[in-house]
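Colleague: I have a structure here, written as structure tokens, and I will follow up with some questions on it.
Residue numbers (this note's numbering): 855 to 1017.
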């Protein structure tokens, strides 16, 4: 079992003007693979607020995984990747690449997602798109490698080679 923090980044959602559906899908999928959501919050698209919350989840709550939903597009207030880049120690570019490649099978708009992934201390942070469909497809793309990634970070997975 691994501890998960979920952050939904949405100005309208944080003001109660829009119901969060993507975060609920993320919760459901993570629960189905044995993840325990210990923190769930809807925040505005504000870089400093996102940075502070990412640092707190990684350094104080010590979650194994932070999944963000939203703020990865091209709008001026879409700053989730920039906030994530500011807090990570090491990038994991293959995760973002895999999510976009998987999404491109269904829509050319997947190439517009700027979501990134990286490691802060022993926490993996992954930016998911804000739509229900985008979040679901992105998780589908990375689930086969997620357990191994988290085990490696925790020092539990020792063999990385596959037959």
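The beta carbon of each residue, even a glycine, is placed where N, CA and C say it ideally should be.
When the Cα atoms are used, what is the spatial distance from residue 1001 to residue 931?
Modeller: Spanning the two alpha carbons is a distance of roughly 32 Å.
Colleague: Just tell me which of 869, 990, 882, 917 has its CA closest to the CA of residue 896.
Modeller: Considering only alpha carbons, the answer is 869.
Colleague: Below 8 Å on the Cβ atoms is my contact criterion, and I expect residue 990 with residue 912 to pass it. Report the Cβ-Cβ distance as a whole number of Å.
Modeller: Actually they are not in contact, since the Cβ atoms of residue 990 and residue 912 sit about 25 Å apart, beyond 8 Å.
Colleague: DSSP state of residue 917, grouped into three classes?
Modeller: If DSSP states are grouped into helix, strand and coil, residue 917 belongs with coil.
Colleague: Are residue 966 and residue 993 closer than 8 Å when you measure CB to CB?
Modeller: No, they are not a contact pair.
Colleague: Quick one: what does DSSP say residue 955 is sitting in, helix, strand or coil?
Modeller: Correct three-state label for residue 955: helix.
Colleague: Can you find at least 3 beta carbon pairs, one from the stretch 914-924 and one from the stretch 970-987, that sit closer than 8 Å?
Modeller: Yes, the stretch 914-924 touches the stretch 970-987.
Colleague: Taking just the CA atoms, how far does residue 952 sit from residue 861?
Modeller: Going from the Cα of residue 861 to the Cα of residue 952 covers about 21 Å.
Colleague: Relative to the C-alpha of residue 855, which candidate in 892, 888, 865, 943 has its C-alpha closest?
Modeller: Considering only alpha carbons, the answer is 888.
Colleague: What residue range does the alpha helix (DSSP H) around residue 976 cover?
Modeller: Neither: residue 976 is in no alpha helix (DSSP H) and is coded neither H nor E.
Colleague: Of the choices 899, 946, 968, 903, whose alpha-carbon is the least far from that of residue 954?
Modeller: Here the closest residue by C-alpha is 968.
Colleague: Based on Cα-Cα distance, which residue from 918, 875, 904 lies nearest to residue 1007?
Modeller: Ranking the options by Cα distance to residue 1007, first place goes to 918.
Colleague: For residue 876, count the other beta carbons within 10 Å of its own beta carbon; 16 or more makes it buried, fewer makes it exposed. Which is it?
Modeller: So residue 876 counts as buried.
Colleague: What would DSSP say about residue 945, mapped onto helix, strand or coil?
Modeller: It is a strand residue.
Colleague: Using alpha carbons as the reference points, say which of 980, 894, 960 lies closest to residue 936.
Modeller: Of the candidates 980, 894, 960, the one whose C-alpha sits nearest the C-alpha of residue 936 is 980.
Colleague: Please report the straight-line C-alpha distance between residue 872 and residue 976, rounded to a whole angstrom.
Modeller: Taking the straight line joining both Cα atoms gives about 33 Å.
Colleague: Based on the DSSP secondary-structure assignment, which residues constitute the bridge partners of residue 996?
Modeller: In the DSSP output, where bridge partners are listed per residue, residue 996 has none listed.
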